[in-house]
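Here the structure comes first, spelled out in structure tokens, and everything after it is commentary.
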Amino acid sequence: MSAPIIEFKNVKKCFGETVIFSDFNFKVEENEIVSIIGPSGSGKSTLLRILMTLEGIDGGYINVAGESLWHMPWQGQYVPANSKHLHKMRNHLGMVFQHFNLFPHMTVKRNITEAPMRVKGVSRAEAEEFADKLLQLVGLADKADSYPNDLSGGQKQRVGIARALAMKPSILLLDEITSALDPELVDEVLDVIRNLVKEESFTMLLVTHEMYFAREISDRVCFFDKGAIVEEGEPEAIFTQPKEERTKAFLNAYIGQ
Amino acid sequence: MEFGEIVSVLLQGAVVTIQIVAMALPLAVLMAFSFGLIRLYAPAPFKQIAIVYIEFFRGTSALIQLYWIYFVLPFFGITIDAMTAAVVALGLNIGSYGTEVVRGAIQSVPKGQYEASIALNFTSSQRLWRIIMPQALVNMIPPFGNLAIELVKATSLVSLITIGDLTFKAKMLADTTLQVGEIFGVVLLFYFVMAQFLVFFIRRLETHLSKGLGRGGLHS
């Protein structure tokens with residue numbers, strides 16, 4: 001078996017006095033789709049934010065695609081990463097946010113083309129061609145010239161997905177991407193992800209409260225509580241025969257098994 | 001004195017006032033942006049310098065600043081003409097307020113915008129100039145508009161360092177003709193028209209810059 005594409009080793013993370021992870025270990029294999037479920041405040045989103053370099057760590061190591069994410073080799077030792085190293089590492093990763101975070105001053109199309117052009121140096125023609133393809137994929141080809149504020153929540157999030165995909169990340173992080181949406185808009189966003197994983201293989205790490213979706217799409221489901229993985233396994237096993245009491249209680253509250 | 005003559009003398013003064021505004025405003029904007037960005041992003045010693053500048057010029061009287069630059073600096077061997085002194089004093093004074101406008105507007109851009117631009121791997125300068133600043137500019141325009149109008153009105157102080165601006169000409173005419181009603185009526189109108197011109201221009205700028213940034217949308 002090849003080395004995992006994501007590996008957390010003894011990771012420690014605190015916010016002031018509050019300890020989120022004290023000694024956290026976690027692995028994701030290439031092309032694996034992993035759902036993270038659990039109560040709020042259990043560190044689910046923090047895990048994704050650390051991977052996206054939006055939050056630092058206070059101890060331990062994280063490897064992404066065979067290289068240390070938050071550290072770099074220097075004179076035979078590992079030292080905290082500088083901005084150049086982080087810039088390089090971020091190329092592996094893409095993220096879709098709960099609150100979309102689209103750039104409101106840019107059209108939908110420019111939201112998608114800006115980063116490939118400015119960061120990767122892709123030509124405008126090439127970036128726009130790929131953006132058209134992505135907009136087709138998320139079913140918003142007719143909205144290319146609209147501004148984000150003219151879109152519905154579900155449409156915004158589909159643009160958010162297209163924008164992340166435009167950078168061709170090998171790892172996609174989805175942070176509660178339907179939590180801010182009205183219930184009737186959830187499926188149009190989840191359908192995009194369903195189609196996406198049918199067409200291409202991705203390493204995907206998603207934090208979600210959509211249990212049915214997690215069960216259907218994941219290779220593995222991890223139940224998080226208080227900064228630790230309480231239980232993990234194949235979705236069927238976790239959802240139909242949870243072993244841990246805390247998992248049972250959580251799932252009961254959610255789906256009323 | 002005939003009304004037409006009064007208006008023509010006052011117009012000469014208004015031209016001087018407009019000249020001062022036209023030079024002090026760019027200086028104020030330059031100071032506001034450079035020191036606003038220093039205040040936010042520069043290393044500590046530079047931040048301290050920015051704070052000293054801001055607090056000194058906000059915390060003391062504009063008239064006294066003008067007197068210092070024009071009357072006191074010559075004692076230290078720095079002599080500048082009245083017009084330059086007026087532009088420098090007013091530009092630095094209004095600029096010090098503008099610094100806080102720039103800082104506040106940048107800080108008011110939602111955190112999610114920074115996070116999305118990190119996730120898309122923009123460099124820190126791309127983040128500032130392509131993502132944050134275009135949104136911050138829209139927030140800056142209304143308070144900058146207020147400052148521009150403040151500047152127009154503050155120019156009347158320069159009449160006290162021998163510059164023949166609108167206020168200076170008005171006082172001169174009033175002293176010689178005693179037709180105070182007509183004179184100060186016209187002066188009032190002139191200042192008002194200048195301010196309205198700025199208001200018009202600022203509105204246009206705001207409309208232009210806020211494309212896509214429809215009001216009321218919290219998350220985009």
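One line per chain: the protein sequences are A and B, in this order. For the first sequence, the UniProt record's numbering assigns the number 1 to the initial residue and increments by one for each residue that follows. For the second sequence, the UniProt record's numbering assigns the number 1 to the initial residue and increments by one for each residue that follows. C-beta: ideal position from N, C-alpha, C; glycine also.
Simplified DSSP assignment, three categories, for residue i
i                        : result
tryptophan 70 of chain A : coil
methionine 1 of chain B  : coil
tyrosine 53 of chain B   : helix
lysine 211 of chain B    : coil
glutamine 98 of chain A  : coil
aspartate 175 of chain A : strand
leucine 54 of chain A    : coil
leucine 205 of chain B   : helix
Boundaries of the alpha helix (DSSP H) in which residue i is found, first to last residue
i                        : result
valine 159 of chain A    : 153-166
alanine 228 of chain A   : Careful: alanine 228 of chain A lies outside any alpha helix (DSSP H), inside the beta strand (DSSP E) at 228-233.
leucine 63 of chain B    : 62-67
threonine 247 of chain A : 245-255
aspartate 23 of chain A  : Segment 18-28 is the beta strand (DSSP E) holding aspartate 23 of chain A; no alpha helix (DSSP H) there.
Unbroken beta strand (DSSP E) run spanning residue i, endpoints
i                        : result
serine 35 of chain A     : 33-37
glycine 59 of chain A    : 59-64
asparagine 93 of chain B : Unbroken run through asparagine 93 of chain B is the alpha helix (DSSP H), 82-107; no beta strand (DSSP E).
arginine 220 of chain A  : 220-225
threonine 208 of chain A : Counting along the chain, threonine 208 of chain A falls outside any beta strand (DSSP E), and DSSP gives it neither H nor E.
asparagine 10 of chain A : 6-15
tyrosine 78 of chain A   : 77-80
Residue-chain proximity (residue i, chain A), Cβ-Cβ < 8 Å
i                            : result
phenylalanine 122 of chain B : yes
residue 222 of chain B       : Look at the range of chain B in this structure, 1 to 220, and you will see that residue 222 of chain B is not part of it.
arginine 130 of chain B      : yes
isoleucine 20 of chain B     : no
proline 43 of chain B        : no
proline 134 of chain B       : yes
glutamate 206 of chain B     : no
alanine 116 of chain B       : yes
leucine 213 of chain B       : yes
glycine 217 of chain B       : For glycine 217 of chain B, the predicted model reports a pLDDT of 38, less than 50, meaning its position is unreliable; a value from the coordinates is still stated below. Yes, contact with chain A.
glutamine 126 of chain B     : yes
Beta-carbon contacts of residue i that lie in its chain and below 6 Å, excluding the five residues immediately before and after
i                            : result
phenylalanine 223 of chain A : Ile37, Gly38, Val230, Glu231 and Thr247
histidine 219 of chain B     : Legend: pLDDT at histidine 219 of chain B = 40, less than 50; position of this residue unreliable, no value from coordinates given.
serine 45 of chain A         : Asp175 and Val207
arginine 203 of chain B      : none
8 Å Cβ cutoff met for residue i and residue j
i                        : j                        : result
glutamine 196 of chain B : isoleucine 6 of chain B  : no
lysine 13 of chain A     : isoleucine 57 of chain A : yes
leucine 137 of chain A   : valine 108 of chain A    : no
glycine 57 of chain B    : serine 108 of chain B    : Note on identity: in this sequence residue 57 of chain B is phenylalanine, with glycine being the wrong assignment. No, Cβ-Cβ distance for phenylalanine 57 of chain B and serine 108 of chain B is not below 8 Å.
leucine 205 of chain A   : leucine 48 of chain A    : yes
lysine 143 of chain A    : glutamine 157 of chain A : no
residue 268 of chain B   : leucine 10 of chain B    : A query on residue 268 of chain B cannot be resolved here, the shown segment of chain B reaching from 1 to 220 and no further.
Cβ of residue i within 8 Å of any chain B Cβ
i                        : result
residue 258 of chain A   : The question about residue 258 of chain A has no answer, for chain A in this structure spans 1 to 257.
glutamate 188 of chain A : no
valine 119 of chain A    : yes
Residues near residue i by beta carbon distance below 7 Å, same chain, minus five either side
i                            : result
glutamate 32 of chain A      : Thr203, Asp219 and Arg220
glutamate 30 of chain A      : Ser2, Ile5 and Thr203
isoleucine 38 of chain B     : Phe46, Lys47 and Ala50
phenylalanine 213 of chain A : Leu190
Sequence-distant residues of its chain with Cβ nearer than 8 Å to residue i (five each side left out)
i                      : result
alanine 154 of chain B : Ala62, Leu90, Asn93 and Ile94
proline 134 of chain B : Leu209
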